[in-house]
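Some notes on the structure that comes next.
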Amino acid sequence: MRIAQLSDMHFVALGERLYDSVDVNACNADIIHQLNHLIDPLDAIVVSGDITNDGTAEQYQAAAKILGYARYPLYLINGNHDKTESFIEYLAPLCAPLESAAQVRYQVDMGKRQLLFIDSTVPGQTYGQLSQSTLDWVAEQLAQTRLPVAIFMHHPPLALNSAHMDPINCRNGTKLLDFAEEFPHLEGIYCGHNHCYTTTVYRNVVVMSAPATSIQIPVYQHDATPYYQFDQPSCLLHSLSGDNRWVSYQHHFQLFQGVRRFPWVNGTGGK
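When we follow full-length UniProt numbering, the leftmost residue of the sequence shown carries the number 1, and every step to the right adds one.
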């Protein structure tokens, strides 16, 4: 099993730029191209939320167009920047489990692992919270298998030492982590939202946030100023070792910042 986890792609409408300056669509397209040509092939690509920046139809059309070039199965969940109804409408054709979903919640059998995908969003809010029906569904899925289970969601279920992002994590995420006591085969919870690679362990459960595909958020434990920065685009790659251990690492992509005009070039192409 080999999975690439992308997150926080923040697609904008075709021809537009994020914050009028960042060509996220071009960056995301280049990342899909690079994933398609990895030396070690993938079994799937996961996108852990905030696929669009504002949830508009035009942004989902751009996302569907570019994600549609992926050579591997896509497993998608929504984030606080997404609009759930539009997310399902435009992206279900790319993600088979969404086609019959009334909400974003499904499981995928990967042979030696079971993957659960759940919605942690609250309409109109940036923070996350799991509904009781989602918690009940997760408990049911955990009870039905003895396979190790990995959960993918957008909001981290606990604080990760980010003064900026911790106040808007999943407010009742520890209820999910409490399942580890009854279900020790809950192996890991893999998130997005924080725009950076961070990892911790809680009750023997690995909790890991994925970096964003374009702009990153620096981790400052005491300064809550909403900074962002340009780092080399990256994702998480999850795979199984020969003795069936889950192994994760941060995979960096070649940097692409879009096409810019040289400042000394005039309108006719001369200097």
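Even glycine gets a Cβ: it sits at the ideal position worked out from N, Cα and C.
For T199, there is no enclosing alpha helix (DSSP H); the enclosing beta strand (DSSP E) has its first and last residue at 198–202. Here S209 is near T198, since their CB atoms are less than 8 Å apart.
In this structure, L237 lies near R2, with their beta-carbon atoms less than 8 Å apart.
Membership of Y249 in the beta strand (DSSP E) is indicated by the continuous run 246–252.
Contact between the segment 53–68 and the segment 125–136 is absent, with fewer than three C-beta pairs closer than 8 Å. In the DSSP assignment, F117 falls within the beta strand (DSSP E) that extends over 114–118.
About 23 Å separates the Cβ atoms of H185 and H155, ruling out a contact at the 8 Å cut-off. The closest CA to that of Q103, considering only A96, Q114, E85, is found on E85. In terms of CA proximity to A150, S48 leads the group S214, S234, S48, Q232. Here N53 has H10, F11, V12, L18, Q59, H81 as same chain residues with Cβ atoms under 7 Å from its own Cβ, once five neighbours each way along the sequence are excluded. Taking every protein chain shown into account, the CB of H195 has 16 or more other CB atoms within 10 angstroms, so this residue is buried.
Between R245 and the set L147, P123, L14, the nearest pair of CA atoms involves L147. Going by DSSP, G173 is part of the alpha helix (DSSP H) stretching over 173–177. I66 and F230 have their C-alpha atoms roughly 22 Å apart. For the pair G68 and L94, the CB atoms are nearer than the 8 Å cut-off.
Cα atoms of V46 and Y75: separation of roughly 5 Å, rounded to the nearest angstrom. Check the Cα spacing between M153 and each of H164, S120, S162: the tightest is with S120.
Annotation: the continuous beta strand (DSSP E) that includes H238 extends over 234–240. Bridge pairing for F11: T52 [DSSP]. Taking C-alpha positions only, Y249 is separated from E99 by approximately 31 Å.
Boundaries for E89: no beta strand (DSSP E) harbours it, while the alpha helix (DSSP H) harbouring it runs 84–91, taken from the DSSP string. Residues V46, S48, Y190, A210, C235, L236, H238 of the same chain have their beta carbon placed closer than 7 Å to that of Q5, with the five preceding and five following residues left out of the count. Take the alpha-carbon of G188 and the one of A212: they are about 19 Å apart. Between F87 and L142, the C-beta spacing is not below 8 Å.
Under the DSSP assignment, Y60 falls in the alpha helix (DSSP H) whose first and last residues are 57–67.
Straight-line spacing of the CA atoms in E89 and P97 works out to 13 Å. Residues N36 of the same chain have their beta carbon placed closer than 6 Å to that of R71, with the five preceding and five following residues left out of the count.
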